[in-house]
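Numbered as in the working numbering, the sequence shown ends at 352 without a single skipped number. In this text, a Cβ means the ideal position worked out from N, Cα and C, and glycines have one as well. If you're wondering where the values come from, they're calculated on a predicted model, not measured in any experiment.
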Amino acid sequence: MRKTILLIEPTIIPEGGIRSLMDRHRVVVAPDGKTETLIQWIRKHQANAVIPNLELIEGRVIEACPSLEVIGQPGVGTDNIDVVACTEHGIPVVHAPAGNAVSVAEHTMMFILALSRDLTAWDSRVRQNIWQLKNSFLPFEIRNKVLFIIGMGRSGREVARLALAFGMRVMGYRRHPSPEVENFGAQITDSLSDGLSNADFVSLHVPLNAQTHHMISVDELACMKKSAFMINVSRGQVVDPDALYHALHSHVIAGAALDVMDQEPPAANHQLFGLDNLVLTPHIAGNTHEATKRCVMTVVEEVDKVLCAKPPRYIVNPEALNRKTLQ
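This is the structure:
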């Protein structure tokens with residue numbers, strides 16, 4: 026039986042993925058991802074699945090649209106989706122946890138190299154015809170420097186692999202032991218303060234939840250060396266923005282690189298924009314051509330499995346399947 030799948034314009038699904046969906050199901054495209062628009066289009070077309078980009082899928086969307094059977098997020102994080110509401114209504118949420126780990130790791134290494142070489146400052150100096158090194162920041166090598174990776178999931182382990190190839194000394198933070206991680210070549214610790222105090226670079230690779238919200242704040246930044254750098258490629262709310270601003274403005278730490286911010290898009294007058302020891306990118310660490318294709322095609326397959334009553338491989342809330350069976 027053909028089901029209806031709702032995409033959102035502009036969709037990130039490549040033509041091959043859309044053709045794959047249309048071979049098996051009916052595909053409709055909403056003009057935008059606003060909550061009222063989603064409710065209107067899901068109800069109008071009795072959509073059975075939604076594949077968003079990063080649009081919010083609020084609980085009231087779930088409650089107002091009983092036709093929904095599955096939501097597919099083409100990426101790792103699902104904090105834009107009310108997973109609790111989905112579970113309560115027996116709606117599985119599927120994602121692509123392995124799709125963008127390489128891209129995120131490469132972006133992290135780009136940040137490390139850019140910070141160690143003061144890349145943005147030197148780019149600005151060249152454009153101003155300032156070539157002299159005298160009385161300015163002297164770049165340094167990353168070999169033998171300590172990288173502390175907070176979150177040793179797929180992207181964290183990939184960063185460790187690349188950093189070790191550069192000759193860095195790698196520490197990893199993980200609260201729960203895992204043979205896969207412990208045998209990876211990094212020194213694993215369950216002490217956040219120990220890792221922070223030893224690190225030359227700290228890189229965040231954790232999901233956003235109640236335990237990780239503002240896990241890096243005043244006390245954690247105070248643990249770091251004045252010469253150290255903070256990198257965040259996870260979620261903006263993992264770092265307390267006021268604490269980070271103070272640490273950068275007062276040179277508690279040397280600098281930072283952020284692919285994510287506490288508000289996206291940020292306000293034009295965001296306090297961090299006034300700092301010159303900060304590198305920013307617009308939440309694109311995992312958005313390479315290759316990663317996008319892998320993530321999207323994985324989610325297309327996972328959504329199709331659920332619609333065809335087959336067990337999905339990458340499900341965020343497996344308990345929803347049990348609840349769905351009971352309904």
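Next on the checklist: Determine whether the beta carbon atoms of I38 and V321 lie at a separation below 8 Å.
Outcome noted: I38 is a Cβ neighbour of V321, given a cutoff of 8 Å.
Checklist entry - By the 10 Å Cβ neighbour count, where 16 or more other Cβ atoms means buried, how is F226 classified, buried or exposed? => result Buried, because 16 or more other Cβ atoms sit within 10 Å of the Cβ of F226.
Checklist entry - Which stretch, first to last residue, makes up the beta strand (DSSP E) that contains V127? => result Premise fails: V127 lies in the alpha helix (DSSP H), 126-141, not in any beta strand (DSSP E).
Checklist entry - Would you report the Cα separation of A282 and K59, rounded to the nearest angstrom? => result Rounded to whole angstroms, A282 and K59 show a C-alpha spacing of 30 Å.
Item to check | Rounded Cβ spacing between A72 and L93 (contact assumed at less than 8 Å) | outcome: Contact holds; Cβ gap of about 7 Å.
Next on the checklist: For a quick check, are the C-beta atoms of V127 and A316 less than 8 Å apart?
Outcome noted: Yes, the Cβ-Cβ distance between V127 and A316 is below 8 Å.
Checklist entry - Is it the case that the Cβ atoms of L31 and I67 are separated by a distance below 8 Å? => result Going by C-beta atoms, L31 is nearer than 8 Å to I67.
Next on the checklist: Report the CB separation of A123 from V328 in whole angstroms; it is logged as a contact under 8 Å.
Outcome noted: In this structure A123 is not in contact with V328, their Cβ atoms being roughly 16 Å apart against a cut-off of 8 Å.
Item to check | N169 to E183 span [Cα, whole Å] | outcome: Distance between the alpha carbons of N169 and E183: 18 Å.
Item to check | Per DSSP, cross-strand counterpart(s) of Y198 | outcome: Partner(s): I175, T214.
Next on the checklist: Let me check understanding here. Comparing Cα to Cα, which of T103, D265, K318 lies closest to N125?
Outcome noted: For N125, the nearest C-alpha among the options comes from K318.
Checklist entry - Nearest CA to the CA of S259: which residue from N302, G299, G311, K251? => result Of the listed residues, the one whose Cα sits closest to S259 is G311.
Item to check | Status (buried if at least 16 other CB within 10 Å, exposed otherwise) for P56 | outcome: Of the residues assessed, P56 falls on the exposed side of the cut-off, its CB having fewer than 16 other CB atoms within 10 angstroms.
Checklist entry - When you compare only the Cα positions, how much space is there between D163 and P337? => result Looking at the sequence shown, residue 163 is not Asp but Leu. Straight-line measurement puts the Cα of P337 at about 52 Å from the Cα of L163.
Next on the checklist: Taking the beta strand (DSSP E) that M255 belongs to, which residues open and close that run?
Outcome noted: Going by DSSP, M255 is part of the beta strand (DSSP E) stretching over 254-257.
Next on the checklist: What would DSSP say about V75, mapped onto helix, strand or coil?
Outcome noted: DSSP places V75 in strand when its eight states are reduced to three.
Next on the checklist: Can you tell me whether V227 is helix, strand or coil according to DSSP?
Outcome noted: DSSP places V227 in strand when its eight states are reduced to three.
Checklist entry - CB-CB under 8 Å to L189, same chain, minus the five flanking residues each way: which ones, in chain order? => result Annotation for L189: V195, G210, A211 place their beta carbon closer than 8 Å to its own, counting only its chain and skipping 5 residues before and after.
Item to check | DSSP beta-bridge partners of H120 | outcome: DSSP lists Q98 as the bridge partner or partners of H120.
Next on the checklist: I'd like the list of long-range same chain contacts for T29, defined as Cβ closer than 7 Å, with 5 residues on each side in sequence excluded.
Outcome noted: If we look at T29 and ignore the five residues flanking it on each side, its Cβ neighbours are H50, R51, V53, H70, Q71, A72, N73.
Checklist entry - Would you call L303 buried or exposed, if buried means 16 or more other Cβ atoms sit within 10 Å of its Cβ? => result Label assigned to L303: buried.
Checklist entry - So what does G280 bridge to, in DSSP terms? => result G280 is bridged by DSSP to F254.
Item to check | Reduced DSSP category for T29 - H, G, I as helix; E, B as strand; rest coil | outcome: Of the three classes helix, strand and coil, the one that applies to T29 here is strand, per DSSP.
Item to check | Cut-off 7 Å between Cβ atoms - residues of its own chain near L351, not counting five sequence neighbours on either side | outcome: Low per-residue confidence applies at L351: pLDDT is 45, beneath 50, and the placement is therefore not dependable, though the value from the model is reported in the following sentence. There are no such residues.
Checklist entry - The beta strand (DSSP E) with V285 in it runs from where to where? => result Run containing V285: none; DSSP gives neither H nor E here.
Checklist entry - Out of curiosity, what's the CA-to-CA distance linking S149 and G261? => result Distance between the alpha carbons of S149 and G261 is about 26 Å.
Item to check | Separation of G280 from A292, as counted between CA atoms | outcome: In a straight line, the C-alpha of A292 is about 21 Å away from that of G280.
Next on the checklist: Considering only the alpha carbon of each residue, which of I241, L229, E61 lies closest to D265?
Outcome noted: Of the candidates I241, L229, E61, the residue whose Cα lies closest to the Cα of D265 is I241.
Next on the checklist: Could you compute how far the alpha carbon of G299 sits from the alpha carbon of P343?
Outcome noted: One C-alpha to the other measures close to 44 Å.
Next on the checklist: Can you look up L351 in the DSSP assignment and give me helix, strand or coil?
Outcome noted: Only weak support is given to the placement of L351: the predicted model assigns it a pLDDT of 45, under 50, and the value that follows is read from those uncertain coordinates. Three-state DSSP puts L351 in a helix.
Next on the checklist: I'd like to confirm the pairing. Which residues does DSSP put opposite R186 in its beta bridges?
Outcome noted: BP columns for R186 are empty, so no partner.
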